[in-house]
Every structure is written in C-alpha cells, then in structure tokens.
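Working notes, beginning with the structure itself.
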Amino acid sequence: MSFRDSVDYVSQDRISQLARTYWITTPGSLKNSHSSACPTNKYKPFQSSVMERIYRQELLASGFSHRRCLALELNQYLEQWLWPHFEPDISSRAHVLSICAMVNEKGRGRVPIWPTFVATADKFSGLIHRVLHILLDESPQILTVNPLLTEINTKSKDDNNDEKDKHQTSDESSNAVQQKKCILEHIVLIIFLSHCFTNLAEVGVLRRSLRELYSLAIWQDHLQPTRLSLELKSHPRYARLLKKLQKYRDTKVSPTERDNMVFQHSFIPRILDVFLTLLNSIPEKDEDKVCNC
1 MSFRDSVDYV SQDRISQLAR TYWITTPGSL KNSHSSACPT NKYKPFQSSV
51 MERIYRQELL ASGFSHRRCL ALELNQYLEQ WLWPHFEPDI SSRAHVLSIC
101 AMVNEKGRGR VPIWPTFVAT ADKFSGLIHR VLHILLDESP QILTVNPLLT
151 EINTKSKDDN NDEKDKHQTS DESSNAVQQK KCILEHIVLI IFLSHCFTNL
201 AEVGVLRRSL RELYSLAIWQ DHLQPTRLSL ELKSHPRYAR LLKKLQKYRD
251 TKVSPTERDN MVFQHSFIPR ILDVFLTLLN SIPEKDEDKV CNC
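The letter at position 182 of the sequence shown is residue 182 when you use the numbering used here, and the numbering goes up by one with no holes.
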C-alpha cells in the first residue's frame, strides 16, 4: 500500500467515525429504538466547528480529492448532515462549499443529485444566492493571484536577496497560497452551477432558482439602449414579453425581491467580465488560471 493510499485509508476511517458520531444511525441503534424518531437522539447534535474542520482537513487540504469526497458521499454527508442543517442566511462559507463539493461528487459518480433539494426549494434558492455572491464578491482575489505568483517565482531564482526581500517573499507566498485555494474553491462553485444548468429542463427546483440568471430582462438591464432597440425591433415578440416583465417587476415584486432580481440579472455579465479579465491576464504558463477558465 502506497503512502497516499495509507493516508486516504486513515482519512476514510476518520470520516466513518465522524459519520457514526454525528449523523449516521447504526443498525444497532435502529434495532434498539422504540420508534423511528428515536435514532436521531443517538448521535451528537450538529456542530458547525466539526463541519468546518471536515471542510478544512478533508476537502480543502486535499484539493477536493475524489477519494475524500467519495468517502463523505458514501457516508451520506450531504443528505444526512449538510443539507438538513443548512440555513441560507447564517450558514458559513465552508458550509456552502461543502454542499457544492458533494453535489459535484454525485455528478461525477452519476448518482441522482436533485431529490435531496426538491422538497426545500426556497432553501435551495438561498444556496444559489450564496454561491453567486461568493463568486462575484471574491473575484478580485482571483484576478490578483497571478502577479503575486510571478513575482515569487522570479525572486526565488535570485540568490542575492537580503533578509528583507526574503521576509517579503514569505508574506507574498502566504497570500498566493490563500489565493490559489480561492481559485480552487471557485472552480468547485462553477462546476456546481454547471451541473445546475445541465439539468434545468428536467428539474423544476433548478428552473425556479436560476430563471432570473437567463431571463429576458437581462437585455433591458445590460444591453446598450441602441442595441436593445435594434433587437426588439427585429423581434417584436420579445418586446411584448419585456413589457410584461417590467410591469410585473414594478407592481408585483417587493423592493427586496427586486434588488435580488437585479443582482441575478447582473451575474452573467459580471462573471463574463471576470472571465475575460482573467483570460487576458494569463501569461504563457499559469496552470491555476487556465483551470479556472
């Protein structure tokens, strides 16, 4: 057994132990229970600190390794622990990313993904909102990672750096490591959204949660007025639909919902700007940014 296999074996055993402690009911506890509700008292209550530790040690530290994700998936991490305890307004960033990583693992293994979310459509919409905000709010970190890495690589080749330069390089290296992790996390979120869009036609909860991202109202919010007039003149049916959408937004939607709709309408244009900026900044060799694109 190789060292890597040994590490994965120990990790899987640790994950199984955590599962038995916090969310998986063992057959023995089921047998000894007097009702179907009793097993829920056999394991410890949800602790966000445990979830954070699993995220840091098993997911992020391993680069979202297939083996680690699979070990969590086989222990029903998403269905039994992550999703039941997810609260869109208060759950942590690590909680959001853990859910997305588990969805991606299900997609990789061609396991049904969406039945877990169908009964809680509002909560799933909250998850989508959190994902969009993370991608856009943290995009400046993604766009500034490469200059740091390039500077570090250049300095590492210079043997004549004084102590001050070495200290500065150490700080920059630490920042670059954090930003590389951010890139990896954003890749997880983008793959999650890809799974969502791939299954739009079959899953109603996805259409409900994502419809504003591809709504015709995006034209009105983000096309230049002259281009918008040209397109609507060429497609009168779209002009009528836009009028209906505008009337609905003005009369039927609360200010909070309207702000949320405007944010979602802006997501595709803004993420495309991030993508193009990232693409233009890639030097001849930068595997991290190429992967993110």
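Quick reminder that beta carbons are idealized off the backbone N, C-alpha and C, glycines included. As the structure is a computational prediction, the values presented were derived from the model and not from experiment.
How would you label I90, buried or exposed, when you count the other beta carbons within 10 angstroms and need 16 or more for buried? Working through the sequence shown from its first residue, we reach residue 90 at position 90. Counting the other Cβ atoms within 10 Å of the Cβ of I90 gives fewer than 16, which makes it exposed.
Reduced DSSP secondary structure (H/G/I, E/B, other) of A201: Walking along the sequence shown from the start, residue 201 turns up at place 201. Note: A201 maps to coil in three-state DSSP.
Going by C-alpha to C-alpha distance, which of W81, N104, L82 and I218 sits closest to L70? As a working note, residue 70 is residue 70 in the sequence shown. Comparing Cα-Cα distances from L70 to each of W81, N104, L82 and I218, the minimum goes to N104.
Mark Q17 as exposed unless 16 or more other C-beta atoms lie within 10 angstroms of its C-beta, in which case mark it buried. By 1-based counting over the sequence shown, the position of residue 17 is 17. Exposed is the call here.
Per-residue DSSP class, three states only, for F64: On the sequence shown, position 64 is the one that residue 64 refers to. Three-state result, F64: coil.
Quick one: grab the DSSP three-state call for S49. Residue 49 sits at position 49 when you count from the first residue of the sequence shown. It is helical.
Proximity winner among T116, L135 and Q264, relative to I191 (alpha-carbon distances): As a working note, residue 191 is residue 191 in the sequence shown. Cα-wise, what sits closest to I191 is L135.
Looking only at its chain, what residues have a beta carbon closer than 7 angstroms to the beta carbon of K181, apart from the 5 residues adjacent to it on each side? In the sequence shown, the residue the question calls residue 181 occupies position 181. Contacts found: L60.
Would you check if the distance between the CB atom of S174 and the CB atom of D221 is smaller than 9 angstroms? Locating residue 174 in the sequence shown gives position 174, counting from the first residue. Locating residue 221 in the sequence shown gives position 221, counting from the first residue. Not closer than 9 angstroms, so no.
Mind the definition here: the region 238 to 246 touches the region 210 to 229 only if three or more C-beta pairs lie below 8 angstroms; say whether that holds. The region 238 to 246 and the region 210 to 229 touch, with no fewer than 3 CB-CB distances between them shorter than 8 angstroms.
For the region 222 to 235 and the region 199 to 213, state whether three or more C-beta atom pairs, one from each stretch, are separated by less than 8 angstroms. Contact between the region 222 to 235 and the region 199 to 213 is absent: fewer than three C-beta pairs spanning the two stretches fall below 8 angstroms.
Given E58, which residues of its chain have a CB within under 6 angstroms of its CB, disregarding the five upstream and five downstream residues? Residue mapping note: residue 58 aligns to position 58 of the sequence shown, counting from 1. R68.
Beta carbon of V188, beta carbon of F124: below 9 angstroms? Counted from its first residue, the sequence shown places residue 188 at position 188. Counted from its first residue, the sequence shown places residue 124 at position 124. No, the Cβ-Cβ distance between V188 and F124 is not below 9 angstroms.
Simplified DSSP assignment, three categories, for P112: As a first step, residue 112 is located in the sequence shown; it is residue number 112 there, counting from the start. If DSSP states are grouped into helix, strand and coil, P112 belongs with coil.
Between which two residues does the alpha helix (DSSP H) harbouring N260 extend? Locating residue 260 in the sequence shown gives position 260, where the first residue counts as 1. Its alpha helix (DSSP H) spans residues P255 to S281.
Which stretch, first to last residue, makes up the alpha helix (DSSP H) that contains Y248? In the sequence shown, residue 248 corresponds to position 248, counting from 1. Y248: member of the alpha helix (DSSP H) spanning P236 to T251, first to last residue.
With a CB to CB cut of under 6 angstroms and the five nearest residues on each side skipped, what residues in its chain are close to Q264? Numbered from its first residue, the sequence shown carries residue 264 at position 264. Apart from the 5 residues on each side of it in sequence, Q264 sits with its Cβ closer than 6 angstroms to the Cβ of E212 and L213 in its chain, given in chain order.
Could you tell me which of G63, K252, R110 and M261 sits nearest to L97, measuring between CA atoms? Locating residue 97 in the sequence shown gives position 97, where the first residue counts as 1. Selected option, being the one with the closest Cα: G63.
To which residues of the same chain is V131 closer than 6 angstroms at the C-beta, ignoring the five residues directly before and after it? As a working mapping, residue 131 is identified with position 131 in the sequence shown. Listed in chain order, the non-local C-beta contacts of V131 below 6 angstroms within the same chain comprise L189, local neighbours out to five positions each way being set aside.
So, T144 versus Q178, is the Cβ gap smaller than 9 angstroms? Position 144 of the sequence shown, counting from 1, holds the residue named residue 144. Position 178 of the sequence shown, counting from 1, holds the residue named residue 178. No, the Cβ-Cβ distance between T144 and Q178 is not below 9 angstroms.
Three-state secondary structure (DSSP) at Y22? Against the sequence shown, residue 22 aligns to sequence position 22. In the three-state reduction of the DSSP assignment, Y22 falls in the helix class, which pools H, G and I.
Quick one: grab the DSSP three-state call for H85. The count along the sequence shown starts at 1 and reaches residue 85 at position 85. The answer is coil: DSSP assigns H85 none of H, G, I, E or B.
Starting from the Cα of W83, find the closest Cα among R56, S48 and S65 and give me that residue. For the purposes of this step, residue 83 is identified with residue 83 of the sequence shown, where counting begins at 1. The alpha carbon of W83 has as its nearest neighbour, out of R56, S48 and S65, the alpha carbon of S48.
So M102 and L78 are supposed to be a Cβ contact under 8 angstroms. How far apart are they, rounded? Here residue 102 refers to the residue found at position 102 when the sequence shown is read from its first residue. Here residue 78 refers to the residue found at position 78 when the sequence shown is read from its first residue. Going by Cβ atoms, the distance from M102 to L78 rounds to 4 angstroms, so yes, they are a contact pair.
For H129 and L279, what's the separation of their Cα atoms in angstroms? Here residue 129 corresponds to residue number 129 of the sequence shown, with the count starting at 1. Here residue 279 corresponds to residue number 279 of the sequence shown, with the count starting at 1. Looking at the backbone, the Cα of H129 and that of L279 are separated by about 25 angstroms.
If the criterion is Cβ atoms closer than 9 angstroms, does the pair Y22 and Y55 meet it? Looking up residue 22 in the sequence shown gives position 22. Looking up residue 55 in the sequence shown gives position 55. Contact: no.
Measuring CB to CB, does N199 end up less than 9 angstroms from I271? Counted from its first residue, the sequence shown places residue 199 at position 199. Counted from its first residue, the sequence shown places residue 271 at position 271. The answer is no: Cβ separation not under 9 angstroms.
Proximity to R185 [Cα-Cα], best of L230, I282, S139 and D122: Here residue 185 refers to the residue found at position 185 when the sequence shown is read from its first residue. This sequence places Glu at residue 185; Arg is not what is there. Comparing Cα-Cα distances from E185 to each of L230, I282, S139 and D122, the minimum goes to S139.
Would you mind working out which of L127, V203, R227 and R108 sits nearest P115, comparing C-alpha positions? Position 115 of the sequence shown, counted from the first residue, corresponds to residue 115. Out of L127, V203, R227 and R108, V203 has the C-alpha closest to the C-alpha of P115.
What residue range does the alpha helix (DSSP H) around I218 cover? If you number the sequence shown from 1, residue 218 lands on position 218. Run containing I218: A217 to H222, per the alpha helix (DSSP H) assignment.
What's the gap between the Cα of C269 and the Cα of H195? Here the question's residue 269 lines up with position 269 in the sequence shown. Here the question's residue 195 lines up with position 195 in the sequence shown. Reading off the sequence shown, one finds Pro at residue 269, where the question assumed Cys. So the two alpha carbons sit approximately 20 angstroms from each other.
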